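Below you'll find the structure, written out as structure tokens, and then a few comments.
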Amino acid sequence: MTELSINGVKKTHDGDPAMPLLWFIRDEVGLTGTKFGCGVAQCGACTVHLDGNAIRSCVTPVAAAAGKNVVTIENAVTDKVGAAVQASWRKLDVVQCGYCQSGQMMSAVALLTRNKTPNDEDIDVAMSGNVCRCATYVRIRAAIHDAAKALA
Amino acid sequence: MGIMNRLAGQTPNADDSSTRAPLINVSRRGFLQTTGGLALGICFGPVACTSEKAAVSAADVAPFVPNAFLRIGADNSVTVIAKFLEMGQGTFTGLATLAAEELDADWAQVSVEGAPADAKKYANSLLGGQGTGGSTAMADAHLQMRTAGASARAMLVAAAAEQWKVPAGEITVTKGVIRHAASRKEASFGQFAESAAKQPVPAAEAIKLKEPKDFTLIGSTATPRKDSKAKTDGTAIFTQDIKLDGMLVAVLAHAPKWGATIKSVDETAARAVAGVIDVIRVDAVPGTTRAAVAVLAKNTWVAKQGRDALVIEWDESAAFTKGSDDIFKEFKTLTGKPGTVAATRGDAAAALKKPAKAVEAVYEFPYLSHAPMEPLNCVVDLKADSCTIWNGEQFHTIDQMVAAGVVGLKPEQVTIKQVYAGGSFGRRASSKSDFIVEATSLAKAARAKGVEAPIKMVWMREDDMRGGYYRPAFVHAIKAGLDRDGKLTGWQSRLAGQSIAKGTPLEQFMVHNGVDHTSVEGVSDTRYAIDNLQVELHTVDYPLPVLWWRSVGHTHSAYAMETMIDELAHAAGKDPVAFRRTLLEKQPRHLKVLELAAEKSGWGTPLAEIAGKKRGRGIAVHESFNTYVAEVAEVSIDEDGVLKVDRVVCAVDCGLAINPDVIKAQMEGGIGYGLAAILKSEITFDKGAVVQGNFGEYTPLRINEMPVIEVHIVASAEKPTGVGEPGTPVVGPAVANAVYAAVGKRIRKLPFGDQLSA
Numbered sequence: 238m239t240e241l242s243i244n245g246v247k248k249t250h251d252g253d254p255a256m257p258l259l260w261f262i263r264d265e266v267g268l269t270g271t272k273f274g275c276g277v278a279q280c281g282a283c284t285v286h287l288d289g290n291a292i293r294s295c296v297t298p299v300a301a302a303a304g305k306n307v308v309t310i311e312n313a314v315t316d317k318v319g320a321a322v323q324a325s326w327r328k329l330d331v332v333q334c335g336y337c338q339s340g341q342m343m344s345a346v347a348l349l350t351r352n353k354t355p356n357d358e359d360i361d362v363a364m365s366g367n368v369c370r371c372a373t374y375v376r377i378r379a380a381i382h383d384a385a386k387a388l389a
Numbered sequence: 002m003g004i005m006n007r008l009a010g011q012t013p014n015a016d017d018s019s020t021r022a023p024l025i026n027v028s029r030r031g032f033l034q035t036t037g038g039l040a041l042g043i044c045f046g047p048v049a050c051t052s053e054k055a056a057v058s059a060a061d062v063a064p065f066v067p068n069a070f071l072r073i074g075a076d077n078s079v080t081v082i083a084k085f086l087e088m089g090q091g092t093f094t095g096l097a098t099l100a101a102e103e104l105d106a107d108w109a110q111v112s113v114e115g116a117p118a119d120a121k122k123y124a125n126s127l128l129g130g131q132g133t134g135g136s137t138a139m140a141d142a143h144l145q146m147r148t149a150g151a152s153a154r155a156m157l158v159a160a161a162a163e164q165w166k167v168p169a170g171e172i173t174v175t176k177g178v179i180r181h182a183a184s185r186k187e188a189s190f191g192q193f194a195e196s197a198a199k200q201p202v203p204a205a206e207a208i209k210l211k212e213p214k215d216f217t218l219i220g221s222t223a224t225p226r227k228d229s230k231a232k233t234d235g236t237a238i239f240t241q242d243i244k245l246d247g248m249l250v251a252v253l254a255h256a257p258k259w260g261a262t263i264k265s266v267d268e269t270a271a272r273a274v275a276g277v278i279d280v281i282r283v284d285a286v287p288g289t290t291r292a293a294v295a296v297l298a299k300n301t302w303v304a305k306q307g308r309d310a311l312v313i314e315w316d317e318s319a320a321f322t323k324g325s326d327d328i329f330k331e332f333k334t335l336t337g338k339p340g341t342v343a344a345t346r347g348d349a350a351a352a353l354k355k356p357a358k359a360v361e362a363v364y365e366f367p368y369l370s371h372a373p374m375e376p377l378n379c380v381v382d383l384k385a386d387s388c389t390i391w392n393g394e395q396f397h398t399i400d401q402m403v404a405a406g407v408v409g410l411k412p413e414q415v416t417i418k419q420v421y422a423g424g425s426f427g428r429r430a431s432s433k434s435d436f437i438v439e440a441t442s443l444a445k446a447a448r449a450k451g452v453e454a455p456i457k458m459v460w461m462r463e464d465d466m467r468g469g470y471y472r473p474a475f476v477h478a479i480k481a482g483l484d485r486d487g488k489l490t491g492w493q494s495r496l497a498g499q500s501i502a503k504g505t506p507l508e509q510f511m512v513h514n515g516v517d518h519t520s521v522e523g524v525s526d527t528r529y530a531i532d533n534l535q536v537e538l539h540t541v542d543y544p545l546p547v548l549w550w551r552s553v554g555h556t557h558s559a560y561a562m563e564t565m566i567d568e569l570a571h572a573a574g575k576d577p578v579a580f581r582r583t584l585l586e587k588q589p590r591h592l593k594v595l596e597l598a599a600e601k602s603g604w605g606t607p608l609a610e611i612a613g614k615k616r617g618r619g620i621a622v623h624e625s626f627n628t629y630v631a632e633v634a635e636v637s638i639d640e641d642g643v644l645k646v647d648r649v650v651c652a653v654d655c656g657l658a659i660n661p662d663v664i665k666a667q668m669e670g671g672i673g674y675g676l677a678a679i680l681k682s683e684i685t686f687d688k689g690a691v692v693q694g695n696f697g698e699y700t701p702l703r704i705n706e707m708p709v710i711e712v713h714i715v716a717s718a719e720k721p722t723g724v725g726e727p728g729t730p731v732v733g734p735a736v737a738n739a740v741y742a743a744v745g746k747r748i749r750k751l752p753f754g755d756q757l758s759a
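If you're matching them up, the sequences are chains F and X in order. For the first sequence, the residue numbers in our numbering are 238 to 389. For the second sequence, the residue numbers in our numbering are 2 to 759.
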């Protein structure tokens with residue numbers, strides 16, 4: 238049995254401890270904002286925060302989150318940085334198909350939490366693990382700068 | 002995906018820029034009638050569609066449903082019913098803009114929902130049935146949605162006039178407020194929803210649409226995307242997110258090669274995985290689906306574990322076993338010989354006999370996977386007398402018909418619930434409904450074994466990547482000639498590749514005299530003034546399904562045409578813009594975007610130097626789906642041959658710009674999608690097996706590789722045309738021409754890969 242919290246709510250998992258956190262969050266907890274894209278940490282659609290760090294939940298076993306707090310898109314936008322990222326994403330109409338955007342925003346929140354004034358290079362480094370096949374990258378970059386400005 | 006012209010065999014007259022595909026074509030409408038036996042009614046706005054609905058809405062709490070496209074609630078909500086799929090291209094926002102403009106609604110009160118499968122109400126006049134593709138949504142629906150809005154407005158006004166006892170002509174509507182100034186009366190839509198429903202639906206000829214000068218939403222930036230909110234808080238629902246009571250998840254082991262069959266299955270280890278419910282064999286539908294074995298479980302992970310534990314022996318005796326080298330060798334041999342004639346102007350052979358200068362080139366284009374972020378999936382709830390499907394549904398009518406055939410029900414017993422698609426780029430508009438066939442076949446087989454539960458079929462990324470329905474590989478062999486003055490006098494193109502339409506229900510509408518127009522579009526109908534032009538096609542028959550991929554034939558034809566034109570310009574000693582200008586003298590819309598892109602990019606001025614790098618600028622112009630796009634790319638290449646596309650300046654003419662910001666976004670995204678393809682993407686075969694399985698091998702474009710993009714929209718009052726696809730095909734040749742300008746190297750085999758380092 239694994240005990241962890243998701244968005245501050247205690248959860249237990251008594252199935253396969255090797256099950257990726259992604260499927261626990263989606264299929265067991267029922268939060269579907271975190272997406273399945275590749276299953277091998279190549280696309281970042283499954284990005285969540287584990288004790289504040291952006292991780293790929295598709296390759297992180299539930300067991301690795303034991304005793305820790307996982308934050309997903311549903312909750313991330315309620316804090317100051319998350320709210321700013323969400324506001325900028327909406328202001329600039331970043332989304333197209335939208336499937337990767339939860340993961341993009343989770344990576345952006347993690348970036349802005351540790352770096353209040355990221356430059357383009359910082360953004361490249363922090364965001365290049367998140368694939369967007371609609372190629373909304375121009376706006377993702379602009380929205381991160383916009384959110385940084387709003388938070389300053 | 003560009004089915005529209007093909008369904009009617011519409012080939013724009015190459016010599017007449019005024020020729021356009023008609024908005025409604027009888028033979029296209031006939032398509033589904035003849036193939037499926039479905040009675041198709043085309044809805045020409047509210048009158049034909051709504052008598053039944055208007056009568057139903059008399060109930061006290063019922064919302065005002067003036068037509069098939071609008072629902073106005075007593076709570077003052079305005080819901081636009083979208084007959085097209087929202088897969089990222091901004092269609093929901095476009096449709097809402099059109100209806101809200103004529104309704105004079107407040108943008109904030111408007112929301113959008115996907116329409117169910119119902120070809121009587123929701124057919125796409127440009128496709129024949131209900132479906133999304135060919136960048137047709139705005140072209141098809143702009144008058145229909147505006148009329149729907151205007152009609153609803155008239156009924157609200159009539160209701161207000163009746164209650165306030167004032168002339169309807171004195172009532173104004175602004176931002177969702179109905180007002181009679183003289184009597185100082187005003188009301189919301191919600192307050193009149195019930196009484197408006199009792200008003201007669203205005204006759205079509207009585208509906209007056211706004212003059213463009215009176216638009217408040219169309220063409221403005223006051224219409225942010227309607228899907229932005231749900232897609233930034235985790236609440237947007239995609240097929241992957243559907244969860245039904247008792248639902249099982251299916252993960253499948255697919256045959257590794259097309260045409261392979263199941264020899265034997267050892268289910269023991271799969272059934273031993275805790276939580277596995279059943280193992281279901283799903284035989285191939287030859288030419289449509291691969292043979293597969295599905296593992297059913299209560300969650301995705303368990304189903305995948307079960308799938309991975311299956312031991313399957315495949316019979317590959319009838320499988321596709323070619324390798325990529327064999328394929329290109331075969332295609333290149335073919336383009337050395339005359340093929341089926343796709344277009345002839347003048348006498349190319351004579352013109353090419355003794356030109357002052359001859360330029361020849363052979364281009365190779367690989368198979369490409371669409372690779373949308375959401376791997377393919379489908380939810381099916383099959384019961385004795387009904388079948389409900391949840392899907393990012395792009396081809397409603399065809400899929401409904403095909404699903405009905407698979408499960409043995411009538412099409413009207415199949416309900417399709419349209420949800421957001423996590424990308425498609427053409428993949429969900431399957432010409433053979435392949436994943437619908439697989440999901441419904443699985444549901445049927447499971448039910449036959451006593452499994453009575455809704456099933457969510459989930460493809461892993463590798464199932465998607467190796468699942469066929471690729472952009473077909475092509476070879477173009479081009480010979481062109483210039484006279485002494487550098488004038489282009491003759492052009493011969495020979496193409497070899499698979500047909501998208503052949504062997505599908507669309508063949509009879511898209512293949513004419515042995516030529517699938519999607520194979521040659523962009524070449525056979527080139528608008529360049531080439532007096533002597535010969536285009537020939539070799540259609541290769543492989544058992545490997547191919548499909549439209551964002552901008553279809555233009556994905557390869559624009560590259561071949563526009564890089565060759567660039568070569569010819571250089572051979573003629575002329576500036577590439579000036580060379581094109583001469584050849585496009587009678588094509589005002591091409592010229593306009595060409596000039597605009599050149600001007601905005603600073604064409605002719607030196608590029609800023611970057612230490613240690615060679616820089617170059619290249620241009621390309623191409624028309625697709627009746628939209629005109631020119632792009633200028635600026636690149637830099639370091640000493641190791643590493644290429645960076647620094648900036649792309651894009652000019653687009655898509656007629657009336659309904660949502661300028663959506664157009665801009667589609668150009669940005671289309672450029673990024675096209676860039677990934679030409680720089681990095683290819684599907685290759687090793688003895689028939691697809692080599693690439695995930696994003697590690699089929700490498701997508703990442704944020705650090707995205708250029709700065711500048712988009713300029715040509716102001717136009719022409720009919721609106723699509724923007725989902727036309728930005729994509731132009732970037733490849735623009736970049737290739739910029740690379741030539743920088744380092745003098747022509748790339749003719751895609752993707753670029755590391756060819757610049759060699």
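For each residue, glycine too, the CB sits at the ideal point set by N, CA and C. None of these values were measured; they are calculated from a predicted model.
Say whether chain X places a C-beta atom closer than 8 Å to the C-beta of residue i.
i: F/V332; result: yes
i: F/M238; result: no
i: F/D251; result: no
i: F/V375; result: yes
Please identify the residue among the options whose C-alpha is closest to the C-alpha of residue i.
i: X/N392; options: X/A422, X/P708 and X/V732; result: X/A422
i: X/I208; options: X/A573, X/Q145, X/F239 and X/G191; result: X/Q145
i: X/G763; options: X/R282, X/T301 and X/K258; result: Residue coverage of chain X in this structure runs from 2 to 759, which leaves residue 763 of chain X outside it and unanswerable.
i: X/T336; options: X/R495, X/G247, X/I684 and X/V438; result: X/R495
i: F/F393; options: F/Q279, F/G340, F/C283 and F/A278; result: Since the first residue of chain F shown is 238 and the last is 389, residue 393 of chain F is not available in this structure.
i: X/P168; options: X/V174, X/G177, X/K176 and X/H181; result: X/H181
i: F/T350; options: F/V332, F/G267 and F/D288; result: F/D288
i: X/R282; options: X/G129, X/K214, X/A449 and X/E317; result: X/A449
i: X/E394; options: X/D386, X/A404, X/A385 and X/S387; result: X/A404
i: X/A1; options: X/A271, X/K121 and X/P64; result: No answer is possible for residue 1 of chain X: it lies beyond the span of chain X, which begins at 2 and ends at 759.
Suppose you measure from the CA of residue i to the CA of residue j; what does that come to, to the nearest Å?
i: X/L86; j: X/M466; result: 22 Å
i: X/N705; j: X/G675; result: 16 Å
i: F/M238; j: F/G304; result: 11 Å
i: X/G745; j: X/V553; result: 29 Å
i: X/S196; j: X/A160; result: 6 Å
i: X/G733; j: X/Y560; result: 6 Å
i: X/V646; j: X/K750; result: 18 Å
i: F/H286; j: F/A302; result: 10 Å
i: X/Q200; j: X/M156; result: 6 Å
i: F/L388; j: X/G235; result: 22 Å
i: X/L507; j: X/K445; result: 26 Å
Check for me: the alpha helix (DSSP H) holding residue i runs from which residue to which?
i: X/M668; result: P661 to L680
Should residue i be flagged as near chain F, meaning a C-beta pair shorter than 8 Å?
i: X/Q241; result: yes
i: X/K302; result: Here residue 302 of chain X turns out to be Trp, not Lys, going by the sequence shown. Chain F, which has a Cβ nearer than 8 Å to the Cβ of X/W302, makes this yes.
i: X/M668; result: no
Assuming residue i is part of the beta strand (DSSP E), what are its boundary residues?
i: X/R618; result: K614 to S625
i: X/L297; result: A293 to A298
Beta-carbon of residue i versus every beta-carbon of chain B: anything under 8 Å?
i: X/G451; result: Annotation note: the requested chain B is absent from the structure, which comprises protein chains F and X.
Problem - Near-chain X residues of the stretch 332-352 of chain F (beta-carbon distance less than 7 Å), N- to C-terminal order - result: V332, Q333, C334, G335, Y336, C337, Q338, S339 and M342
Problem - Residues within the stretch 84-100 of chain X neighbouring chain F, beta-carbon criterion of under 9 Å - result: E87, M88, G89, Q90, G91 and T94
Practice task
For the stretch 268-298 of chain F, enumerate the residues whose C-beta is nearer than 9 Å to any C-beta of chain X, in chain order.
Solution key: L268, T269, G270, T271, K272, F273, G274, C275, G276, V277, Q279, C280 and A282
Handout entry: Residues, ordered as in the chain, of the stretch 228-239 of chain X that lie near chain F by beta-carbon distance below 8 Å
Key = D228, S229, K230, A231, K232, T233, D234, G235, T236, A237, I238 and F239
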